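Below: one structure, written as structure tokens.
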Amino acid sequence: MRRATSMLKLAPPWLVRFSSVSASSLVDEFTKFCYQRDLPRAMKAMEAMQRNRLWADAITYSELIKCCLVRGGIEQGRLVHEHVFSNGYEPKTFLINTLLNMYVKFGLLDEAQKLFDEMPDRNVVSWTTMISAYSNSSLNHMALEFLILMLREGVRPNMFTYSSVLRDCNGLLNLRQLHASLMKVGLESDVFVRSALIDTYSKFGEQQDALNVFNEMVTGDLVVWNSIIGGLAQNSDGDEALHLYKRMKRAGFAADQSTLTSVLRACTGLALLELGRQVHVHVLKFDQDLILNNALLDMYCKCGSLEDANLVFTRTMADKDVISWSTMIAGLAQNGFSTDALKLFESMKLRGPKPNYITVLGVLFACSHAGLVNDGWYYFQSMKELFGIDPGREHYGCIIDLLGRAGKLDEAVKLIHEMKHEPDAVTWRILLGACRVHKNVDLAIYAAKEILKLDPTDAGTYILLSNIYANTQKWEDVAEVRRSMRARGVKKEPGCSWIEVSKQVHAFILGDNSHPRIEDIKREISRVIQRLVSVGYVPDTNFVLQDLEGEQMEDSLQYHSEKLAIVFGLMSLPKEKTIRIRKNLRICGDCHLFAKLVAQLENRVIVIRDPIRYHHFQEGVCSCGDYW
DNA sequence: TTAGGGTTAG
């Protein structure tokens, strides 16, 4: 009796309680605690059940495992695992799947794999859980391998499996095969599968396929719309992305953070500042969303409105990550505000996140832009030591630009040959830009030939090369270049400039007279040129190394697309409004001079974004420092 | 019990 009493004293209170209840009420108590999400009591009850060789039903355990995931930890999860396999109890596949999912959610792939290997019967859920786990861990080859093994075992994939595995495709062929096989079993109408298909086709740059999948949709949801809008925006088809955004709204869907991020990206690509500002109003609903705010910040930077970007960065954004800082630093540098970019980088080092690969690119770009050769070299040579980042091809590109800008062309070539990475077309184009500024024809020919070896479709480089040969009267070489262009089907892209006026985008294309006010614009250009000539403007017809990408000598200099757009801006926008233009080709020397003088004479601010650089013209100077 | 969409450079 004394012994029994002492045992009771030693035993924890819950054991005393359960020792007095029947087996079925023990399980009932456990079930109750599981559904009440009372994890500590459920765990104690489970221990008592184990002592008494009692088990509950699989759904109750699955509730307990959910509770471990939300409120507990892996230790409790492992105890559940141990219990459901104890004393010869054989858990159903459903329950093992739940445990499998638990290990995956805790990030314990090895343990999940071990359990999966030991499973007597694996069903589609078991396989899909593993496929999804590998897919989320970026082990795409494993996910695909599992799909093959699953098919070999005769387990048929369902919509869950396909929507997981689609993003693991290692090639377009693979994607088309999966697309065909899911169509055979009629799974293409599932919204998850459809959005995964759209997303994956977009990632491979197959926009038409993505659009086909989208257009076959009868009923879809917001994510499907977001997939197609996002895919188009990421593949530089901003116009189509914005068109579908309007359709989405007409179809009755309200934009969420993901939609607005993609819409902002489309505005960024098209330099549509006014539309971007309208989108900003909707962004205010999601003011804590970091990704969306970063996209907003980038939109203002790339649309050339650094005032707005600064306001977003300093006032709106409570949380900032390395992307926010990098965006702002690169934005300042690209728009010609190098000193501000470097100051911001200093404050990032003091109170911001750790800089990454892209942050350093922005910093080097700022140094190059401001001609800070020593600072650029310092950051380049110490980036590994200071920030733990190995210089990549792009960092070398900035330094080649830095040397080129400073006129150190020989050193730039030496660096290209010394760098660890194989130079690509971009590397050689940077050198070519320096040759243009410093009028080094021989080196320009060398760089142009290197570009064409790597990118035989680059129309601008063919034309540049042909112009150089024409200028030095090497007619056979001119003919050879033209032959190569024809043979490869390379065509000169006409110069095009876009300007946003009263919520409408006006496009001006060289040689195209379809704009309703084209005659007025041409008359106004003549008047403006007359005024400019009176203050000393002489049209610059030296195109040989001026015009990199194509608005040609034989075309009328006077009607280059950016001149049409600038003058249309003067005619249509109030005096205090900045004239903002986006171009598809690099700005030519004459248009650059024209813009500087117009800005001065008409007391206007003009911002032109070409494919590579930004030009802020104000009071007769350009933020690019005449280097582009 | 298993699934899909958004941000910095080039």
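Residue numbers are given in full-length UniProt numbering: position 75 of the first sequence equals residue 75, and the series is strictly consecutive.
From the three backbone atoms N, C-alpha and C, an ideal C-beta is built for every residue, glycine too.
Because the structure is a prediction, the values reported are computed rather than measured.
| Query | Result |
| --- | --- |
| Residue range of the unbroken alpha helix (DSSP H) whose run includes HIS395 | 393-405 |
| Opening and closing residue of the beta strand (DSSP E) in which TYR614 lies | 614-618 |
| The region 116-135 / the region 95-105 touching (three or more Cβ pairs under 8 Å) | yes |
| For SER514, three-class secondary structure by DSSP | coil |
| C-alpha gap between SER189 and MET217, whole angstroms | 7 Å |
| Cα-Cα separation, GLN546 to ASN467 | Residue confidence is low: GLN546 scores 43 on pLDDT, short of 50, so the model does not pin down where it sits. Its coordinate-derived value is still stated next. So the two alpha carbons sit approximately 10 Å from each other. |
| ARG429 - partner residues in DSSP beta bridges | ARG429 is not bridged to any residue. |
| Whole-number beta carbon distance between HIS83 and GLN50, since they are thought to touch under 8 Å | 5 Å |
| Beta-carbon spacing of VAL607, ARG580 below 7 Å | yes |
| Own chain, CB closer than 6 Å to SER132, minus 5 neighbours either side, in chain order | SER164 |
| Inter-residue CB distance, ASP308 and THR327 (contact presumed, cutoff 8 Å) | About 13 Å separates the two Cβ atoms, so there is no contact after all. |
| Local Cβ density within 10 Å of PRO91, reported as buried at 16 or more and exposed below that | buried |
| Whether ILE389 touches VAL360 by CB criterion (7 Å) | yes |
| Inter-residue Cα distance where the pair is CYS303 and TRP377 | 30 Å |
| Contact set for PHE286: own chain, Cβ-Cβ below 6 Å, skip 5 residues either direction | GLN257 and LEU292 |
| Span of the beta strand (DSSP E) around GLN504 | 504-509 |
| Pairwise C-alpha distance: LYS408 and ASN374 | 13 Å |
| Runs of alpha helix (DSSP H) lying entirely within the region 199-230, each at least 4 residues, in chain order | 207-215 |
| Neighbourhood of PHE508 by C-beta, 6 Å cutoff - its chain only, sequence neighbours within 5 removed | SER497, SER561, LEU564 and ALA565 |
| Supposed close pair VAL191, GLY220 - CB separation, criterion 8 Å | 6 Å |
| Three-state class that DSSP yields for CYS588 in the structure shown | coil |
| Among LEU570, THR578, ASP38 and MET383, the one whose alpha carbon lies nearest that of TYR357 | MET383 |
| Spatially closest choice to GLY331 from LEU290, ARG315 and LEU296, by CA coordinates | LEU296 |
| Under the three-state DSSP convention, the category LEU377 falls into | Per the sequence shown, residue 377 should be read as Trp rather than Leu. Reduced to three states, the DSSP call for TRP377 is helix. |
| Identified DSSP bridge partners for CYS622 | PHE617 |
| Helix, strand or coil at ARG604 [DSSP, three-state] | coil |
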